[in-house]
Structures are given as structure tokens and as C-alpha cells.
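K.L.:
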Amino acid sequence: MVSTLPQVTALLPVLLLGFTGLALLLVDTLAPDTRSNTSMAVVSALGALSALAATVWFVASGTGSADTGGAITLLAEAVKVDTMALFFTAIFASVTSLVVVAAHDYFHDHPNPATFYSLTLFAATGMSLLAVANSLAVVFVALEMVSLPSYVLVAFLKQNRGSVEAGLKYFLIGALSSAIFLFGISLVYAATGSLILGDVAGILGDIAAGTDGLDSRTGIAGLGIVMILGGVAFKTASVPFHFWAPEAYEGAPAPVSAFLSSASKAAGFVVAFRVFTEAFPVGASLSADINWVLAFGILAAVTMTLGNFAAAVQEEVKRMLAYSSIGHAGYALIGVAALTADGSGNGAVMGAAMAHLLVYGFMNTGAFLFVAMAERWGVGRTFEDYAGLAKRAPVASTAMAVFMFSLAGLPPFAGFFSKYFLFMGAIDNGFLWLAAIGAVNSVISLYYYSRVVKALFFDDPASQTALDAIDVRPTALYAAVVFAAVATVLLLPGFGPVIETAEAAASALF
Amino acid sequence: MILEALIAVAFASALVVMLSPNEWAGRLAFALSLLPFVGSLYLWSGFDGSGNALTGGDIAYQTQIEWLEVGGRSVSWFVGLDGISLPLVVLTTFLVPLAILSAWTPIDSRQSQFYGLMLFMEANLLGVFTALDFFLWFVFWEAVLVPMYFLIGVWGGPRRKYAAIKFFVYTNAASLLMFIGFMSLTFALGDSVSSFALPEITGAIADGGLGTWFGISPDRIAMVAFLAMFLGFAVKVPIVPFHTWLPDAHVEAPTPVSVLLAGVLLKMGTYALLRFNFTMLPDQASALAIPIAAIAVISVIYGAMLALAQKDLKRIVAYSSVSSMGYVILGLIVFTEYGVGGATFQMVAHGLISGLMFMAVGVVYNATHTRMVGDMAGMADRMPVTVGILVAGAFGYMGLPLMAGFAGEFFIFVGSFAAPALPYAPVFTALAMFGIVIVAGYLLSAMQSTLFGPFELATDYEIGPAPFHDVAPLAVLLAAIIVLGVAPDIFFEMIRDAALPVVEGVSVNG
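Just so you know, the protein sequences line up as chains A and B, in that order.
So the first sequence is numbered by the numbering used here: it starts at 1 and just counts up by one.
So the second sequence is numbered by the numbering used here: it starts at 1 and just counts up by one.
1. Under the DSSP definition of a beta bridge, which residues are partnered with I72/A?
2. Alpha carbons only, please: which of T488/A, A355/A and N429/A is nearest the one belonging to T531/A?
3. Is it a yes or a no for the region 76-91 of chain B touching the region 489-505 of chain B, going by three-plus beta-carbon pairs under 8 Å?
4. Less than 9 Å between CB atoms is the rule here; does W245/B satisfy it with respect to chain E?
5. Let me make sure I understand the geometry here. Which of D283/B, A349/B, P426/B and S449/B has the alpha-carbon closest to that of D381/B?
6. When you compare the CB positions of T63/A and L46/A, do they come within less than 9 Å of one another, or not?
7. Got a sec, what are the start and stop residues for the beta strand (DSSP E) A279/A sits in?
8. Grouping DSSP H, G and I as helix and E and B as strand, with all else coil, what is Y461/B?
9. Nearest CA to the CA of M354/A: which residue from S39/A, A201/A and A502/A?
10. Going by beta carbon distance, what residues of the same chain come within less than 7 Å of E66/B, once the five residues before and after it are set aside?
11. When you compare only the Cα positions, how much space is there between L533/A and T115/A?
12. Could you check what DSSP says for W104/B in three-state terms: helix, strand or coil?
13. For the beta strand (DSSP E) that W77/B lies in, which residues bound it at each end?
14. Interface residues of chain A around Q62/B at Cβ under 8 Å?
15. Using three-state DSSP, classify T382/A as helix, strand or coil.
16. Taking I239/B as the reference, give the member of L260/B, D460/B, A430/B and S321/B with the closest Cα.
17. Starting from the N-terminal side, write out each stretch of the alpha helix (DSSP H) that is 4 residues or longer and does not extend beyond the region 319-346 of chain A.
18. Strictly below 8 Å CB to CB, what residues from chain B border G347/A?
19. Taking only beta carbons into account, state which residues of the region 405-427 of chain B come closer than 8 Å to chain A, listed in chain order.
20. Three or more C-beta pairs under 8 Å: does that hold for the region 374-389 of chain A against the region 413-429 of chain A?
21. Let me confirm a value: D105/A is counted as buried when at least 16 other C-beta atoms fall within 10 Å, else exposed. Which label applies?
22. Just to confirm, is the Cβ distance from A25/B to A163/B under 9 Å?
23. Below 8 Å, can you find three or more Cβ-Cβ pairs linking the region 464-475 of chain A to the region 89-97 of chain A?
24. So which residues on chain B does V443/A lean against when the C-beta distance must stay under 7 Å?
25. Since P454/B contacts G388/B with CB under 8 Å, what's their CB separation in whole angstroms?
26. Distance cutoff 9 Å, beta carbons only. Does W515/B sit that close to anything in chain A?
27. Any beta carbon of chain A sitting closer than 9 Å to that of Q113/B?
28. Roughly how many whole angstroms lie between the Cα atoms of A237/A and A209/A?
29. Following the continuous alpha helix (DSSP H) through Y424/B, name the residue where it begins and the one where it ends.
30. At least one CB of chain A closer than 9 Å to the CB of R27/B: is that the case?
31. Report yes or no: do the region 279-298 of chain B and the region 326-335 of chain B share at least 3 C-beta pairs separated by less than 8 Å?
32. Quick test of your reading: A304/B and I412/B, contact by CB under 8 Å. State the CB separation rounded to the nearest angstrom.
33. Based on DSSP bridge pairs, tell me the residues matched to E69/B.
34. For a test of the three-state rule: what should DSSP assign to F410/B, helix, strand or coil?
35. Tell me where the alpha helix (DSSP H) around H350/B begins and ends.
36. If you compare alpha carbons, which of F196/B, F167/B, F138/B and M229/B is closest to L177/B?
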């Protein structure tokens, strides 16, 4: 279809998200009296869904895939649409749709929810731009486009101390890591003289091979790569830049936590996957003694272990989910850690990480949206406060049980396959130790995930009146939670096309 | 497509019942659970398989559809029946409606969820016994745990939370061990298999397809895999010393759940042992014949001794299950036609008899609200029919001729007495036979003190005969036990046909 349409149509999903955000902002500004929470939510959900539809259509029709002539580059190669970009855009659009639908009920008494919708869509636009970025400059701009609305979203409940504090912490650490990231880009530019990912890779290869005659620049390039790695660690909430995540996720309104921990994390990973394979290929980096693979391996191991152990000792469900989301960042990091120079199994392991992020997008978003529902009811935050909720809200509690078991990687749910493929990919590529650490962590995680299920279903409420808080049935929130649960279950039988698309997309990068 | 229809009907019924009102969930669930039973009778009547499904026999009702591909191996929806799995499918579909009937009296809250979960479990149990692809089988295998966890944890007795979590942790840890064991086999098989289909893997192992993996020799991998899988399944069966979860789970679980737990879930363990350990790795099994036979005999004797020491009727039946499962293991390890066939037959027989015992004890409990031996006496006076059937069931347990238990144990002893694959076979057989004496001892003494003599009850209730829908399933079960005892060939013919290839797989029997 691309052959007949102008190439810029390949950016349709990005444009749809962006224009929806602009339209919302426009209505909010020009006709503030006509806006309503419902119409805003509907418009933003439609925008996100149409972006999703466009993405799925592109993937199905093979836009940018190797079968139909390869990736489409635009704007002097600054932007590149390939299957990987579309795959991630699908994650962003799905999460965004779920979040805006849920937000409709969550912000039902907020004086001005319109800003929420436009900010969320702008952040989503930034994410999808990140997915197509083919130049370090675009990567940075898109990253900021994600970050700036995110800071505001975290602090969206400006009367709420926790929310504002979380926003400030997020902003400070975010600003620092942006600076580091940008400095890293400038060092890489200094060493290679280009910002386009492919060109950087070429010059890096020359440096490594010594044909460039300037191998002294290896150090500069290496330092730059390490700094870029730091920026990635911040965005994905990985060690050592994970400190903001529990604070931000806990303080932020729950739909925002869902958005950040699912979509924004995936955005960090698309940077990692693309930049580290296209600009700093494994082979060239290793022969230049810049072993970022090992660095990612250590980060992955530390991140998943730390996330899991910290999650196990939490008393508040939302904070537990925050740490669990750090743990899952560790799993997904295996996708850039278990890579080898010869590259035979690289596509499989990175593809598995992408598939895991897609599944995670549904199960983690769903879990946070259940927390949003609990916040909407006002039942409290700790495990004890969740006791016996299943008696009053069996459907939502069942959905939550699905998310928890799937996050733990139990076989009847999609989380099992995505973790399994990830660990098997790592083993096939010779990284048995990473898979072993991942598997052990996965077992540990069952402990704290099942605590939620135990509280919901087995424990009796603290008092007779404890369940009276559940006096409303927020339809949209329910719809979002149930839809996420259904997707989590259906992705198990439907895992074939997902993993095939992801593997093909990832293999195209090597 | 009949197998698919069977499983799909069970899933759909679960969903329908889950959404139905509590008032008639029980009746609806019973009616719907008859559909799979009728379906399984149809499967039985048209059964045309021969040989063992794993060793290249003719598989009845076979379907194989590719699902996805992982690391160059395809995973498929691969189901079918042979002479070993068909009796277990019939057992499952037969027990579930009866268990549902027996739940009408004791289950008085959240009925729709209870019956929905029962049917959901049935669907997955059918999947376990029909799946012939490792992944498909594993998904069903694990999916059985989830409803069981909720059924014990929500509707159980006073210590239900402890029992549910213990059950979940034990069986999940066991599954992981088994999974790792099986995976190491597939890694060692390398390129000699192109799928996870169990027949293909069995064939490849038999043809010496195991290679060296990570420097470990094929023999050692096979042995490690055998041990890991054996331990994993041993928990499920359960074999002493991995049995401690079972009495807790049984005592806390409501009666209908105990019926399925003892009647079908324990058979998952012995079925999997037969399929994986004894069919895939027969030489490893026969190398370990003495230790395995020893723990089988220990399970028989020790389980019976434990039962002897119990005061709770349900605990008595639960421990005697441990004892009966010991016979099954003994029958499997001797690798003779009657041993393996008898063990499989005993799975069905024990499923019916233990189901009957749990159900009858449950009916007594419904009336007395106590199960302690010292708390009641002379129940025969007030509930003559129930007690009559209970006594008949107990005699079945002791191996009274013309009842199913006799046939099963007789086959096993015939097969094990002169087994060439097991050294000292007569000694092991004689020791195991001694277990029957203990069984008779504790069952007779327990019944003597509770059922006969002048009526007495610690707490004063008016007790009359149990309602029809409580007694009817008992009568049906007893009838089935007698039919199977009088004419064991209705199952034993096909079982023997499927067991023979397993027996021939051991080099001793060649």
C-alpha cells in the first residue's frame, strides 16, 4: 500500500496520536465551556485506538518489513519506520487507550481533566516518535517529549502532597538523566561525527578496525555509550537510575502510574533496542572493547533481583507493583544483554523481550488500573485494605488475579510464554546464567503476587463496614480492567503471531 | 474434533455457570456437566486407538494444529487418546457431575463461582489427560492448580488459607522442577526433534537422540531429567516423604473438592509418571527400580500407619490415598504387563473408591458437623443408607473381591510378584500386600466406633437420613465400583494394549 501513497503516510500512527492531542488541547483552549470529561475521554480513546488500528494494519500489510522492501526512511534518514517501530507503537497505543478509558472514571470529579488527556496523548506521541527515531537528535527530542508531559502527569493531583512530591522527584532525577543522556550523545557525536544511527555504526566499525587511524577516540565513544546507557536505565526504571520509580508510581494518580510503568518503560526499551543495535552494533563495540552487552547483563541481573526482593517486603500494593515493574525491567533487559557478536540467536532473544513488553503492557496496566479502581472506591492502599474485595467485586478481583498470576509467569496466562521465550532465547545464546537468575526471580515473585490474590479472595475484611466503600461501579474503569484481563488470557493462544512478528522485527536489526 | 468439543463445552459451561445467579448455579452446573460425560461415553464407544500414544501406537481422535514455534521447534495443539488416557477421561467426566451433586448441601455461599471453578477445573483436567504436546500439556497441568487453589482457599475449613497456600507452593515448586527436568531433555535432544510433541520426543530418546549439552553426557542428562521429573511428580502423587500437603488440603477442602482432588488430581501425578518417566526414560527407571520400589512400599506402609493414627475421618481417607498411590507406583516400576496395566487400572479404581469415601464422609459430616471418630457413634442408626454405602466403599478400599479395588490391586500384585525388571520383586510385593492388612485394621476400627453401636453424638442435633441428592451420587459410584470389579475388562483390555509398549521399552524385557 505504501507504493501508492506518499511515504509520509508511514508515520500515520504517530500523526494520529499527535493530532488527537492537539485537537483536545484546542477544544480545551478555545471552547472551555463545551468540554466534558466524557467527550474528552471518548475522543482521546478513539484517537489512540485509531492509531492502534493503523499500526496493526501496517504490520499486517508488511509496511517497513524486510518482505516489502525494508524500512522506510524519511526526513533525511532522521526517521525510520520498520516493524519494530510499529510493534512498539502498538504497545503504546494499547496502553494509552486503556489508560484514557480508565481515567474517565478516575478523574470523574476533577475540575479540569482535559489537560490529562492531551498530556497523555502528547507523551504517547513522543513515545511513538521514539520508536521511529533513527538519529540520536530525534531520540533526544522524542525522549524529552515523553518526559515533560510525564512530569506534569505525575504531579497532576496538585492538591495532593504525595502526587506533587513524586512529580518533583521524578523531574529532578529526570532532568539529571536527560543531561547525562545528552552529554553521552555529544560524546558519541564527537567520536564519530554523525548522529544518524547507521552512520555512527559505520564509523564505530572503522574505529574498532583501526582503519580510521584514530583509535584514540574509542575512549570518547565508550564514555558516550555508557552515558547513553544511563539515560536508558532511567527511562526503563532500571538500576542504578530506578530510585524515582517507586516514589513516582506510588505518588502519581494510578492511571498515570499504569501509563508510566507500562508505556514509558517500553519507550525506554525501544531506545535501548534500536540505538544499541543500529548505532553501536555488538560486534563493532566488542572489538573496540566497549562491552555494553556485559554492562546490560549485570544491570539486568541486579535490576530483576533488586526489584523482586524489594517488592517482596512492601506493605502497599501500589508500591509492590512499582518494584515489580522494576523487576520486569530487569527481565526485558535480557533482550539487550543476552546478545552475541555472531548474532545467530540475537533476533530471537530481543524479539522475546519485545513480546514480553507487549504482554506486560496489558497485565501491568491492568494491575495498576485495578489499583486505580481501589483508589476510586477509597478502600486504602495496603494488602490488608484489599482483604475480601472479591466478595463485593468478583469480576474485577478475578481480573486482578489474572494479572498477578500472569506477572508471576504461571502457565495458563500469557506471561508464562513471554518469560519462557525470553529465558530460552538467553539460554540458546549461551547466557544460561541470566536465564537462571531470571527463573529464580520469577519463582520468588510468585510469593508477593499471590499475596494480593490471597488478600482479595481468602482474607476476611477488617470490619463489617470495610466493604461499604465499594458503592459505585465505575463502568469505564471496569471495562478497561476486564479488557486488559481478556487480552492477557487471549495472548496465550494468540502468542504465535506476536512472537513471530517480534522476532522478525528484531532480526531485521542485526 | 470431539475432544476439542468436549474441552470447549467444559470451558463454556464454566463461564456460563460463573455468570449465573447463585440460586440455580448448582443445578445448572450439574446439567451442563452431564454433557462432557455423555461426550466421553461417545468417545469410549467409538474408540479405535491401539498401542501406546507415545510409542507410535494409533492415536484415537487425534488433532494436531501448529500453535507457535520456539527455538526451531514447533508447539502445537496436539490432542488424542489411547488406552491409558481414555479411562482417565471417562473417570473425570464421571466424577465431576457427582462431585457437583454432592456440593449442593455443603456449599452455601458464592455458588456460581464455586461451580464455575469446578467446571473450569474439569476442562483443564480433560486437557491434561488428552494433550500430547508438552507445552499444551503443561499449560493445562498448571491451569488445574489455579481453580484448586481458590476452591480450597475460599470455601475450605478453618485453616483453609494455610492449606491452599501450602498446596499451591508445593505443587508449583514441583512443577518448576519437573519443567526444568523436561527442558534439559529437550536441550540435550538438540536437532533430533523438531517439535514438542511427546511421541516425537519419546521416539527420539529411544533412538539415542540425546546428545551432550553444556559438557554433560547424555546418560547423565537423562538421569538428572528423570530424577527432576520424578521428584516433581512425586509431590503431586504424592509419594512419601512429599505427601505432607495432602492431608492439609483434604481436610480443609470442602467435600466435593476433596472428591476431585483424590479422585482425579492425584492421578495426574501417576499419569504423568507413567507418560514421562516410565515411557520416555524406561532405562533410567529400571536402573532405579530398587529405590523406587522401596519408596513405593514405604508409601504403602507408612501411609497406612499414618491413617491408623488419625482421629479425623477425612484424614484417615486422605492418608489411605497415600497408601493406595504406593501400589500404583509399585505397579509401574515392575514393568510387566499386569503391573503397568494394573497400576493404570488402579488409578481409575482408586479414583472411584476414594471419591466415594470422601463423599460418604462428607454426607455424614453435613449432618453431624464433626468428623472426629470419638465424637459420634452409631450413625448407622440414623443414616442407614449412607452408612451402608460407606461400609461397602470401605470394603472396596480393603480390596474385597468383585469390587474395582480388588481388581486393581490383584493385577498389580500378579504383575509385580515375578517381575524380571525388579530384583527381589517377591519381597517388595509381600511387604506391599501387608499394607492391606493395616488398611483393613484402621477402616474397620474407625467404622466400628463411629457407625455402629448405640447412637451418640457429642453435640446434640436431630439427625435424619440424608437428602436424595446426597445419597444418589454415592449409590451411582458404588454401582460403578462393582461394575468395574465384576467386569474389569471393559477398561483393562485397552489399558493392557497401551501398557505393553511401555513394558517392552525396558531393555530387560526387550
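Every residue gets a Cβ at the ideal spot worked out from N, C-alpha and C, and that includes glycine.
P.N.:
Checking against the coordinates, here is how it stands:
1. V81/A
2. Outside the modelled stretch of chain A, which goes from 1 to 510, sits residue 531/A, for which no answer is possible.
3. yes
4. In the displayed structure, chain E is absent; the protein chains listed are A and B.
5. S449/B
6. no
7. In the DSSP assignment, A279/A falls outside any beta strand (DSSP E), carrying neither H nor E.
8. coil
9. Looking only at S39/A, A201/A and A502/A, the smallest Cα-Cα distance to M354/A is reached by A502/A.
10. S74 and S76
11. Nothing about residue 533/A can be reported from this structure: the residues present for chain A run from 1 to 510 only.
12. Here W104/B sits in coil by DSSP.
13. Start and end: R73 to L81.
14. Chain A residues near Q62/B: none, gap ~19 Å exceeds 8 Å.
15. strand
16. S321/B
17. none
18. Per Cβ cutoff of 8 Å: no residues; G347/A is ~12 Å from chain B at best.
19. Flagged: no residues at all.
20. no
21. When all chains shown are included, D105/A counts as buried.
22. no
23. no
24. Taking a Cβ-Cβ threshold of 7 Å, the residues of chain B close to V443/A are L176, in chain order.
25. Not confirmed; about 18 Å, so no contact.
26. Beyond the ends of chain B as shown, which are 1 and 510, falls residue 515/B; an answer cannot be given.
27. For Q113/B, at least one C-beta of chain A is nearer than 9 Å to its own C-beta.
28. 34 Å
29. Secondary structure note for Y424/B: it is in no alpha helix (DSSP H), with a DSSP letter that is neither H nor E.
30. no
31. yes
32. Not really, about 16 Å apart at Cβ, beyond 8 Å.
33. S74/B
34. helix
35. E337 to T368
36. M229/B
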